[in-house]
Amino acid sequence: MPVPHVPSDSARTTREPQGGQEVAQTPIRPDSGIRPDSTARGIDAGIGRIPIMDVQPVVDGGRFPARAVVGETVPVRVNAFREGHDEMGVQVVLCDPAGRERSRTALRSTNPGLDLWAGSMRPDAEGAWSFRIEAFSAPYETWVHNASIKVPAGIDADLMLAEGVVVLRRVLDEVERGERPASDGAVVRAAIDSLRSSSLTPQARLAPAIGPDLRAILHERPLRDGVTVSGPHPLIVQRQRALYGSWYEFFPRSEGARFDPEHGGWISGTLRTAAGALDRVAAMGFDVAYLTPIHPIGTTFRKGRNNTLEVRPGDPGSPYAIGSPDGGHDAIHPDLGTMEDFDAFVARAQELGLEVALDIALQCSPDHPWVAEHPEWFVVRADGSIAYAENPPKKYQDIYPLSFDTDYEGLYAAIRDVLEHWVAHGVTLLRVDNPHTKPVRFWEELLAEFADKHPEVVFLAEAFTRPTMMHTLGKVGFHQSYTYFTWRHTPEELREYLGELCEASAYMRPSFWPTTHDILTPFMSSGGHRAFRLRAILAATLVPTWGIYSGYELVEDIPRPGAEEQIDNEKYEYKPRDFEGALASGRSLQPLLTRLNRIRREHPALQQLNDIAFHSADDDQVLVFSKHLDADASPTGAPDTVIVACLTAHDRSAGTGVHLDLAALGVDGPFEVEDLLTGERFTWGEHAFVGLDPETRPAHILRIIHSEESPHA
Numbered sequence: 001m002p003v004p005h006v007p008s009d010s011a012r013t014t015r016e017p018q019g020g021q022e023v024a025q026t027p028i029r030p031d032s033g034i035r036p037d038s039t040a041r042g043i044d045a046g047i048g049r050i051p052i053m054d055v056q057p058v059v060d061g062g063r064f065p066a067r068a069v070v071g072e073t074v075p076v077r078v079n080a081f082r083e084g085h086d087e088m089g090v091q092v093v094l095c096d097p098a099g100r101e102r103s104r105t106a107l108r109s110t111n112p113g114l115d116l117w118a119g120s121m122r123p124d125a126e127g128a129w130s131f132r133i134e135a136f137s138a139p140y141e142t143w144v145h146n147a148s149i150k151v152p153a154g155i156d157a158d159l160m161l162a163e164g165v166v167v168l169r170r171v172l173d174e175v176e177r178g179e180r181p182a183s184d185g186a187v188v189r190a191a192i193d194s195l196r197s198s199s200l201t202p203q204a205r206l207a208p209a210i211g212p213d214l215r216a217i218l219h220e221r222p223l224r225d226g227v228t229v230s231g232p233h234p235l236i237v238q239r240q241r242a243l244y245g246s247w248y249e250f251f252p253r254s255e256g257a258r259f260d261p262e263h264g265g266w267i268s269g270t271l272r273t274a275a276g277a278l279d280r281v282a283a284m285g286f287d288v289a290y291l292t293p294i295h296p297i298g299t300t301f302r303k304g305r306n307n308t309l310e311v312r313p314g315d316p317g318s319p320y321a322i323g324s325p326d327g328g329h330d331a332i333h334p335d336l337g338t339m340e341d342f343d344a345f346v347a348r349a350q351e352l353g354l355e356v357a358l359d360i361a362l363q364c365s366p367d368h369p370w371v372a373e374h375p376e377w378f379v380v381r382a383d384g385s386i387a388y389a390e391n392p393p394k395k396y397q398d399i400y401p402l403s404f405d406t407d408y409e410g411l412y413a414a415i416r417d418v419l420e421h422w423v424a425h426g427v428t429l430l431r432v433d434n435p436h437t438k439p440v441r442f443w444e445e446l447l448a449e450f451a452d453k454h455p456e457v458v459f460l461a462e463a464f465t466r467p468t469m470m471h472t473l474g475k476v477g478f479h480q481s482y483t484y485f486t487w488r489h490t491p492e493e494l495r496e497y498l499g500e501l502c503e504a505s506a507y508m509r510p511s512f513w514p515t516t517h518d519i520l521t522p523f524m525s526s527g528g529h530r531a532f533r534l535r536a537i538l539a540a541t542l543v544p545t546w547g548i549y550s551g552y553e554l555v556e557d558i559p560r561p562g563a564e565e566q567i568d569n570e571k572y573e574y575k576p577r578d579f580e581g582a583l584a585s586g587r588s589l590q591p592l593l594t595r596l597n598r599i600r601r602e603h604p605a606l607q608q609l610n611d612i613a614f615h616s617a618d619d620d621q622v623l624v625f626s627k628h629l630d631a632d633a634s635p636t637g638a639p640d641t642v643i644v645a646c647l648t649a650h651d652r653s654a655g656t657g658v659h660l661d662l663a664a665l666g667v668d669g670p671f672e673v674e675d676l677l678t679g680e681r682f683t684w685g686e687h688a689f690v691g692l693d694p695e696t697r698p699a700h701i702l703r704i705i706h707s708e709e710s711p712h713a
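Under UniProt numbering, the first residue of the sequence shown carries the number 1, and numbering increases by one thereafter.
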């Protein structure tokens with residue numbers, strides 16, 4: 001949880017002017033965030049007249065900016081309170097990069113006993129935004145509360161009605177000064193006239209002053225005293241791909257690779273043949289084509305198949321052992337083609353609506369040009385040899401880690417230039433291999449430079465490591481992060497993990513991958529098609545960004561003995577696949593992946609993270625959750641609600657009752673749903689029953705058919 005952040009110079013108190021009364025005024029600083037009609041009575045009152053504590057999203061007390069994407073519904077939470085029993089209110093004020101106020105939204109009291117207030121804001125453009133919190137005494141609401149009790153009871157009725165005139169006269173003064181819409185005036189005047197009437201009963205005199213018309217006016221623009229401000233707090237707004245997208249990973253050398261018996265060996269696929277795979281990737285609805293490293297591969301200590309030291313003729317080596325006499329990180333492996341071929345690959349991707357992501361592995365083979373040109377960029381051992389990568393007892397003799405401690409500036413410049421090179425050739429997303437093995441200071445500086453020069457470039461951290469490091473990489477600028485979803489299986493584990501991720505959503509955006517080229521969990525290797533279907537459904541619907549590794553469609557699930565990775569690992573050999581044959585025979589998961597990506601594109605609720613709510617099921621192996629956007633937060637202008645009820649075990653069926661929080665769904669009674677996987681329609685309510693089977697019906701993905709929809713929608 002972010003620490004409380006109410007610096008003394010940002011908690012300021014004012015009282016807005018009353019009835020045109022002349023008061024001594026103290027100039028308000030331009031950055032105070034108080035409206036021009038406000039009047040300060042004693043500036044910089046320390047904690048402020050209305051204490052504001054623990055503002056979120058504020059990251060590490062403001063040390064790092066919070067982050068959002070265009071159109072994201074950003075949750076806001078604060079603790080705010082006052083002494084005594086008078087009513088109060090809290091608003092979040094969102095300001096665009098030019099400093100203009102773009103929205104002013106009332107927060108709701110979610111737990112009065114704990115002084116918690118919550119709401120949201122929604123930036124609509126990229127840039128350096130800011131927000132502030134304003135808390136205030138609410139004299140109208142205080143009067144309404146007291147009058148609604150005393151007048152019906154005959155306690156000080158005339159006095160309460162007279163005090164109401166005083167309060168509403170302040171509102172009318174604001175109308176007359178042009179600080180409120182002129183249309184408010186008629187409603188306010190009618191209420192004042194009623195309060196002053198001598199021909200009506202006290203309760204009848206009171207009614208217009210506490211009626212819905214006037215309450216709505218003063219909810220939209222409350223009467224405020226003792227305004228206290230926390231902020232401005234920074235909010236960096238990035239493009240939508242930083243939060244939402246579907247990634248497809250593949251090794252370009254395997255696309256079009258073939259065994260040539262005449263030459264007794266394999267012939268590598270190329271970037272040109274790999275471009276042919278893009279049509280299939282796009283047809284499945286993926287947004288990003290992610291390439292593993294395409295650079296020259298070293299031959300010294302080259303690894304053979306399945307990471308062995310035995311290298312057979314034609315073994316291509318690991319693309320993560322980067323560098324050879326043909327070049328380093330800014331070069332392309334000769335087997336794959338030329339830079340012109342890469343440009344053609346990117347151009348084809350763009351024609352199909354795909355972005356290109358490139359794997360950045362900041363490490364070198366012993367044959368990398370940097371080893372000879374810059375030995376100071378590596379760790380030299382006592383015997384004069386360069387230290388290779390180790391994770392005892394594992395040894396990676398084909399990889400030299402970089403050292404940032406000898407020539408930081410030189411190495412920084414070289415890496416920056418490599419990334420600039422690929423960005424110049426159309427790469428818009430960078431998947432960074434093992435960023436947690438590099439200094440955090442390096443990432444903070446590099447990502448800040450790229451955010452300034454190339455704000456469109458998205459960085460994904462492949463960091464399976466300690467939570468503190470993963471969170472800090474997000475804070476210093478990584479847009480997205482791999483997660484531990486791969487190892488979270490039960491509903492209890494998933495609910496807990498999503499809670500953790502949502503708490504960190506102001507700076508760390510999760511990417512869910514059921515498998516990768518390095519990871520095949522026992523759950524996946526033991527469950528076959530059933531496990532692969534379940535995990536794809538959960539990854540695609542739980543969070544906005546998900547990805548699969550090529551071959552997932554074919555359910556490649558045989559592990560290498562003693563390791564959580566596939567046998568015949570593609571890192572060490574060519575792996576051409578018969579996607580068309582599997583699809584024709586009905587063995588492919590391609591139709592499911594296509595349907596999931598279509599559902600994600602058609603439902604903006606699935607493109608958000610913080611709109612998730614969990615519901616209960618009687619069966620402890622069934623996960624039930626929903627994602628809901630109100631009409632005013634949805635880009636379609638209509639509410640969007642998706643409910644998912646999914647098995648989490650691949651070896652059993654379930655028939656279970658599910659119990660829904662209707663408020664989280666935006667409904668208040670029975671409602672109609674459509675299953676987006678099957679097209680079936682059902683009527684559901686607070687309690688429903690589902691029958692799930694990992695083979696025939698692993699999940700329901702349901703959209704609520706809201707009453708606002710056209711009957712033909």
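Glycine included, C-beta positions come from ideal geometry on N, C-alpha and C. Computed from a predicted structure; not experimentally measured.
| Query | Result |
| --- | --- |
| Just how far apart, CA to CA, sit residue 253 and residue 341? | 13 angstroms |
| Can you tell me which of 689, 635, 609, 663 puts its alpha carbon nearest to the alpha carbon of residue 646? | 689 |
| If you measure between the beta carbons of residue 60 and residue 137, is that distance less than 9 angstroms? | no |
| Below 7 angstroms CB to CB, which residues in the same chain sit around residue 488 once its five sequence neighbours on both sides are set aside? | 494, 497 |
| Spatial neighbours of residue 508 within its chain, please: CB distance less than 6 angstroms, with the 5 preceding and 5 following residues excluded, ordered by chain position. | 471, 474, 481 |
| In the structure shown, what three-state DSSP assignment does residue 612 receive? | strand |
| Using beta-carbon positions only, say whether residue 378 and residue 278 come within less than 9 angstroms of one another. | no |
| Report, in whole angstroms, the separation of the C-beta atoms of residue 121 and residue 103, which I expect to be a contact under 8 angstroms. | 6 angstroms |
| Note the first and the last residue of the continuous alpha helix (DSSP H) segment covering residue 445. | 440–453 |
| From which residue to which residue does the alpha helix (DSSP H) around residue 145 run? | 139–153 |
| Do you know offhand how far residue 164's Cα is from residue 197's? | 13 angstroms |
| From 544, 329, 168, pick the residue whose C-alpha is nearest to that of residue 139; which is it? | 168 |
| Would you identify the three-state DSSP class for residue 717, choosing helix, strand or coil? | Since the first residue shown for the chain is 1 and the last is 713, residue 717 is missing from the structure and cannot be characterised. |
| Output the distance between the C-alpha atoms of residue 466 and residue 66, rounded to the nearest integer angstrom. | 21 angstroms |
| Specify whether the stretch 194–213 and the stretch 441–457 touch according to this definition: at least 3 beta carbon pairs, one from each stretch, less than 8 angstroms apart. | no |
| Can you have a look at residue 380 and say buried or exposed, based on whether 16 or more other CB atoms are within 10 angstroms of its CB? | exposed |
| Restricting to runs no shorter than 3 residues, where is the beta strand (DSSP E) found entirely within the stretch 373–451? | 389–391, 394–396, 429–433 |
| Is the beta carbon of residue 308 less than 9 angstroms from the beta carbon of residue 251? | no |
| Quick check on the DSSP output: the beta strand (DSSP E) that includes residue 249 runs from which residue to which? | 245–250 |
| The alpha helix (DSSP H) with residue 590 in it runs from where to where? | 590–602 |
| Helix, strand or coil, according to DSSP, for residue 471 in the structure here? | helix |
| In whole angstroms, give me the CA-to-CA distance for residue 258 and residue 267. | 5 angstroms |
| Which residue comes first and which comes last in the beta strand (DSSP E) that contains residue 625? | 622–629 |
| So, with DSSP's three-state summary, where would you put residue 307? | helix |
| Tell me the start and end of each unbroken beta strand (DSSP E) in the stretch 83–128 that is at least 3 residues and wholly inside, in chain order. | 88–95, 101–106, 108–111, 116–121 |
| Around the C-beta of residue 699, are 16 or more other C-beta atoms found within 10 angstroms, so that it is buried, or is it exposed? | buried |
| Who are the near neighbours of residue 287 in its chain, counting only those whose CB is closer than 6 angstroms to its CB and skipping five residues on each side? | 245, 246 |
| Note down, in chain order, each residue of its chain lying with its Cβ closer than 8 angstroms to the Cβ of residue 375, except the 5 sequence neighbours on either side. | 386 |
| Starting from residue 53, follow the beta strand (DSSP E) in both directions and report where the run begins and ends. | 52–56 |
| Can you tell me where the alpha helix (DSSP H) with residue 480 in it begins and where it stops? | Careful: residue 480 lies outside any alpha helix (DSSP H), inside the beta strand (DSSP E) at 480–482. |
| Expressed to the nearest angstrom, what Euclidean distance is found between the alpha-carbon atoms of residue 382 and residue 290? | 40 angstroms |
| Which residue comes first and which comes last in the alpha helix (DSSP H) that contains residue 203? | 202–206 |
| Could you name the residues of the same chain whose beta carbon sits closer than 6 angstroms to that of residue 582, not counting the 5 residues immediately before and after it, in chain order? | 554, 588 |
| Give me the Cα-Cα distance between residue 220 and residue 174, rounded to the nearest whole angstrom. | 14 angstroms |
| From the DSSP output, read off the bridge partner residues of residue 502. | Paired residue(s): none; residue 502 is not in a bridge. |
| Could you give the distance in angstroms between the alpha-carbon of residue 454 and the alpha-carbon of residue 354? | 19 angstroms |
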